[in-house]
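Notes to accompany the following structure.
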Amino acid sequence: MTKITKDEVKHVAHLARLNIDEQEAEKFAEQLGSIITFAEQLNELDTENVEPTTHVLDMKNILRDDKPVDGLPREQVLKNAPDHQDGQVKVPTILE
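Using this note's numbering, you'd call the opening residue of the sequence shown number 44 and step up by one each time.
So, in C-alpha cells, the structure goes:
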C-alpha cells in the first residue's frame, strides 16, 4: 500500500469538517502510515485453516422466547405520567 500523504490527511479532515494545521497533518499521516503497515503485516499470516470468528471468545447470546404478555394497566401508567389527557400521556409539542 502507498504511504498516506499530508494532502490526503488534510482532504479527509476537510471532508470531516476538522480544522488541522500542517504539524497535525504530518503527525496524523505518520500515525496512519504506522497503522497501515501493521495491518499489512496481518496479510502475511497463514489463515488457511483458521475458522472465521466475530469474537475471540466463544460467546453465545441466550435470549428468552418472545412471548406476548399483558402490559401495565393504563390507570397505573397514567398515574405516573406528569400530564395526561384522554387516556394518553401528554408530552410537550416539538413540531409546529
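Even for Gly, the Cβ is constructed at its ideal location relative to N, Cα and C. These numbers come from a predicted model, not from an experiment.
With a Cβ-Cβ cutoff of 8 angstroms, do Leu121 and Val134 count as a contact? Their beta carbons are not under 8 angstroms apart, which means Leu121 does not touch Val134 by this criterion.
Going by beta carbon distance, what residues of the same chain come within less than 6 angstroms of Phe71, once the five residues before and after it are set aside?
Taken in chain order, the residues that qualify are Val52.
ask   = Where does Val132 sit, in a helix, a strand or coil, going by DSSP?
value = Secondary structure at Val132: strand, using DSSP grouped into helix, strand and coil.
#### Entry: Cα-Cα separation between Leu85 and Gln119, rounded to whole angstroms
Between the alpha carbons of Leu85 and Gln119 lies a gap of roughly 58 angstroms.
Whose C-alpha, out of Asn92, Asp129, Lys46, Asp89, is nearest the C-alpha of Ile78?
-> Checking every option, the nearest Cα to that of Ile78 belongs to Lys46.
Where Asp89 and Asp50 are concerned, what is the direct C-alpha to C-alpha distance, given to the nearest angstrom?
Asp89 and Asp50: Cα-Cα distance of roughly 35 angstroms.
Can you tell me where the alpha helix (DSSP H) with Glu118 in it begins and where it stops?
Residues 117 to 123.
Next item on the list: Grab me the residues of Asp101's own chain with a C-beta within less than 6 angstroms of its C-beta, minus the 5 sequence neighbours each way, in chain order.
Entry: Spatial neighbours of Asp101 in its own chain (CB-CB distance under 6 angstroms, excluding positions within 5 residues in sequence) are not present.
His57, DSSP secondary structure in three states: Look at His57 here: in three-state DSSP terms it is helix.
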